[in-house]
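Protein chains in written order, with the numbering used here: chain E, 1 to 136; chain H, 1001 to 1136; chain S, 2001 to 2136; chain R, 3001 to 3136; chain L, 4001 to 4136; chain A, 5001 to 5136.
Cβ coordinates follow ideal geometry from the N, Cα and C atoms, glycine included.
Treat the numbers as computed from the prediction; the structure is a model and nothing was measured.
Notes for the one structure printed next.
Protein chains: 6
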Amino acid sequence: MVYLTRLEHFNAAHKLYNPNWSREKNEEVFGECANENWHGHNFDLYVTVKGEPNEDTGFIIDAKKLGKLIKEHITEELDHKNLNLDVDFLKGKMCSTENLAVVIWERLAPYLPEKVKLHCIRLFETPRIYVEYYGE
Amino acid sequence: MVYLTRLEHFNAAHKLYNPNWSREKNEEVFGECANENWHGHNFDLYVTVKGEPNEDTGFIIDAKKLGKLIKEHITEELDHKNLNLDVDFLKGKMCSTENLAVVIWERLAPYLPEKVKLHCIRLFETPRIYVEYYGE
Amino acid sequence: MVYLTRLEHFNAAHKLYNPNWSREKNEEVFGECANENWHGHNFDLYVTVKGEPNEDTGFIIDAKKLGKLIKEHITEELDHKNLNLDVDFLKGKMCSTENLAVVIWERLAPYLPEKVKLHCIRLFETPRIYVEYYGE
Amino acid sequence: MVYLTRLEHFNAAHKLYNPNWSREKNEEVFGECANENWHGHNFDLYVTVKGEPNEDTGFIIDAKKLGKLIKEHITEELDHKNLNLDVDFLKGKMCSTENLAVVIWERLAPYLPEKVKLHCIRLFETPRIYVEYYGE
Amino acid sequence: MVYLTRLEHFNAAHKLYNPNWSREKNEEVFGECANENWHGHNFDLYVTVKGEPNEDTGFIIDAKKLGKLIKEHITEELDHKNLNLDVDFLKGKMCSTENLAVVIWERLAPYLPEKVKLHCIRLFETPRIYVEYYGE
Amino acid sequence: MVYLTRLEHFNAAHKLYNPNWSREKNEEVFGECANENWHGHNFDLYVTVKGEPNEDTGFIIDAKKLGKLIKEHITEELDHKNLNLDVDFLKGKMCSTENLAVVIWERLAPYLPEKVKLHCIRLFETPRIYVEYYGE
């Protein structure tokens, strides 16, 4: 069993704002992240898959093919977008990095080839804060 | 003459959109950067100053003091903000990284101590794109 | 279950020196790390916690709050200190990065909120050497 | 149980080419990586070992000693080499990063001291693509 | 005057070998870099241009357009290639990073728009060795 | 004219303390950097030289040779040392990064080959603070 990780990027705007709460409570809980006019990040997305290297290629999956799957199903939907407003599959969710990682897992997993298992979604919101989800 | 550089960060939303143009022309010129709902970045701001080290301290300027000046006059105004909507000193300007670097220079220079000269504003929009301004 | 990691820094002096050994044996075992006059590092400390995202916030724990806990209980005690001389909770311990990671775990774990579990302390001594401790 | 990781580097040429296939099939499967005249990478190799810190030293293993073992048994064999042509222990293998990580594990594991277990070989082919092998 | 820098990558094989010298002299001068079977690198190419921001766009040049010019005229010619064998415009040149930077300048400069001046080619051979050329 | 830069490292302890001042004044000016028991850093030293590439080698200077000169004359004198106590050529100087960069220039310049000029000493004290000296 070998693990392969591929990095892709997207730049997006978001805010942390619970619509069931008053603005005051949102500002109390989320601070500047609740700014009604949004802020944004360069998100770094590391996708790790696992499997056995194919005998003929030495690959678990071609890293270029993995990159294409991530772009097609994830980053093209998120890049240069407002995560709260523009992304159907985030509608109605709190737009935290934690929730974003879980949704990315759910969106990407069905598109991997049969012998390749999704192992981890690691999502950097800033170089100092990141989240990991293992599908557990 | 010695040069001292200090890195600070801010995370912000913006869009590239010329209000004198139609939406179509904005999308043609700025592509996904013109998304009306904004996108965002983790900006890395490197400020370089120059001067002669003080005999008693060995410092051009205390790097902690430089950091405080940058935070007070620049990054606290920009962090977790919408650069097009929330920042007075960017009003009426195209919100490109080029223009942002020039405005940061103009805002910061007057606050440096007399013997310390501002040398360069280097602003990373992404790890792969950055702008430098030397006040020329 | 989602994992959240936060990076904090501290700069410190230390030496590797076993007081039960002669200076010769210390130099033989620890080489230049045994220099009696100390050396130092910029330590990078990654703290990983795990938990379930809260429904109202989308957070395992607010990353800013986690940062404050790390600063209050760990990095303010270690930053700009001599790890062998200035830090009560390291007294009598060999000041290796391995031991430092274990002590940081023991110091930080009691302060996390009830539903948040400490998962990993990762401590970089240099960009090329790091240690991880999972409380096992 | 504590984990220690050490980074070493090597620069090498390789190509992905299955000699049982036609050139056309190789180009179809491996694309530009099949270029008959080779291409190359700066490989970053992270070796993680695990064990209990020794009471007298605080070390699982001296990181300098671990670095020497990696250099002697792995990177001196691979650095500035053509992985397909110059390296005996890669002969007859598809020269993918996956296979390279597995071979590095097999080569390095026997040389570690008795109380130190090899935990992970992480090999970066580029800053955006890496492979991990845990001996499973 | 503002400076804009864009990073692009290419991975390539090369060797340092002067055909006018004996193999012994090549090995004496270039050491392992003269390995007849090649070695390789992940090259990082930073291209810096300068100009005045356009009033309507705020751009010196659209960073995406600059990226396309670099890809079309430089990195597509070099990526996954053998620099000594596969690249017409390097034929007959010693394949040092110094010479490569100069050739990249000469190849790219004519394709920049009129009001944009090429300022610097910075080429990393490894994360620890890079070359800069300013057209002087 | 081409510029070549080489990165080397050293880890060292120091403090900022002016012996002509009281402890109170030192703490007021230098804060935690004046800790009498020292602190330390992983210093990153970038040395940039300039010259014309040699026709036979394509080199300004062999980067390996430059690395050896830096190690022999600079980093072996500083690595795992106390900059205030252990280094003859820093005696009597305030141990700021500014002064350290100037001294490194003065120590290294005489050892470069005749046709190679020292251009810049860039010294990182932390990833967020660095100093540059151009011999001016």
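According to DSSP, residue pairing for Arg5122(A) in a beta bridge involves Tyr5046(A) and Glu5132(A). Taking 7 Å as the cut-off between beta carbons, the residues of the stretch 2045-2062 of chain S near chain E are Pro2053, Asp2056, Thr2057, Gly2058, Phe2059 and Ile2060, in sequence order. Across the set Val4102(L), Asn4011(L), Trp4021(L) and Lys4071(L), the C-alpha of Asn4011(L) shows the shortest separation from the C-alpha of Glu3032(R). Annotated three-state conformation of Val3103(R) is helix, per DSSP. Contact between Ile74(E) and Arg107(E) holds, with the beta-carbon distance rounding to 6 Å and staying under 8 Å. If you ignore the 5 residues before and after Tyr17(E), its C-beta comes within less than 6 Å of the C-beta of Asn26 and Ala34, all in its own chain and listed in chain order. A contact is defined here as three or more CB-CB pairs under 8 Å, and the stretch 2042-2050 of chain S meets this definition with respect to the stretch 2110-2127 of chain S. Contact of Thr75(E) with chain H by beta-carbon distance below 7 Å is absent, the smallest such distance being about 12 Å.
The DSSP-derived three-state label of Phe5010(A) is strand. Between Tyr1003(H) and chain A, the shortest Cβ-Cβ separation is below 7 Å. DSSP places Lys15(E) outside both helix and strand once states are collapsed to three, so it counts as coil. In the structure shown, Gly5031(A) falls within a helical segment according to DSSP collapsed to helix, strand and coil. Residue environment analysis places Arg5023(A) among the exposed positions, since fewer than 16 neighbouring C-beta atoms fall within 10 angstroms of its C-beta. Leu2112(S) and Leu2118(S) have their alpha carbons spaced roughly 8 Å apart. The criterion of a C-beta distance shorter than 7 Å is not satisfied by Gly2040(S) and Ala5101(A). Within a 10 Å sphere around the beta-carbon of Glu2028(S) sit fewer than 16 other beta-carbons, which makes this residue exposed.
Sixteen is the threshold: since fewer than 16 other Cβ atoms of the shown chains lie within 10 Å of the Cβ of Lys5115(A), the residue is exposed. Non-local beta-carbon contacts of Pro53(E) in its own chain, meaning distances under 8 Å to residues more than five positions away in sequence, involve Val2, Phe59 and Ile60 in chain order. Separation of Asn4099(L) and Leu4085(L) (C-alpha to C-alpha, rounded to the nearest whole angstrom) is 16 Å.
Less than 7 Å separates the beta-carbon of Arg3006(R) from that of Gly3067(R). Under a criterion of Cβ atoms nearer than 8 Å, no residue of chain A is adjacent to Ser4022(L); the nearest Cβ is some 13 Å distant.
Restricted to the stretch 1043-1083 of chain H, the alpha helix (DSSP H) segments that are unbroken, complete and at least 4 residues in length are 1063-1070, listed in chain order. Residue pairing by DSSP places Leu4004(L) opposite Val1131(H) and Val4049(L) in a beta bridge. Contact between Trp4038(L) and Asn3082(R) holds: their C-beta atoms lie close to 5 Å from each other, under 8 Å. Leaving aside the five residues that flank Cys2095(S) on each side, the residues in its chain whose CB is nearer than 6 Å to its CB run, in chain order, His2014, Leu2083 and Asn2084.
Interface flag for Asn3026(R) against chain L is unset, since no Cβ pair is found closer than 7 Å.
Of Gly1135(H), Leu1078(H), Glu1077(H) and Ala1063(H), the smallest CA-CA separation from Ile5129(A) is found for Ala1063(H). The beta carbon of Ile4070(L) sits closer than 8 Å to the beta carbons of Arg4006, Glu4008, Leu4045, Val4047 and Leu4108 from its chain, once the five residues preceding and following it are set aside; these are given in chain order. If you ignore the 5 residues before and after Leu2004(S), its C-beta comes within less than 6 Å of the C-beta of Val2049 and Ile2060, all in its own chain and listed in chain order.
Proximity of Arg5006(A) to chain L, defined by a Cβ-Cβ separation below 7 Å, is satisfied. By the neighbour-count criterion, in which a residue is buried when 16 or more other Cβ atoms sit within 10 angstroms of its Cβ, Phe4089(L) is exposed. With respect to chain H, the C-beta atom of Thr126(E) has a partner C-beta closer than 7 Å.
With a threshold of 7 Å between beta carbons, Gly1040(H) makes contact with chain E. Spatial neighbours of Lys93(E) in its own chain (CB-CB distance under 8 Å, excluding positions within 5 residues in sequence) are listed in chain order as Asn99 and Val103.
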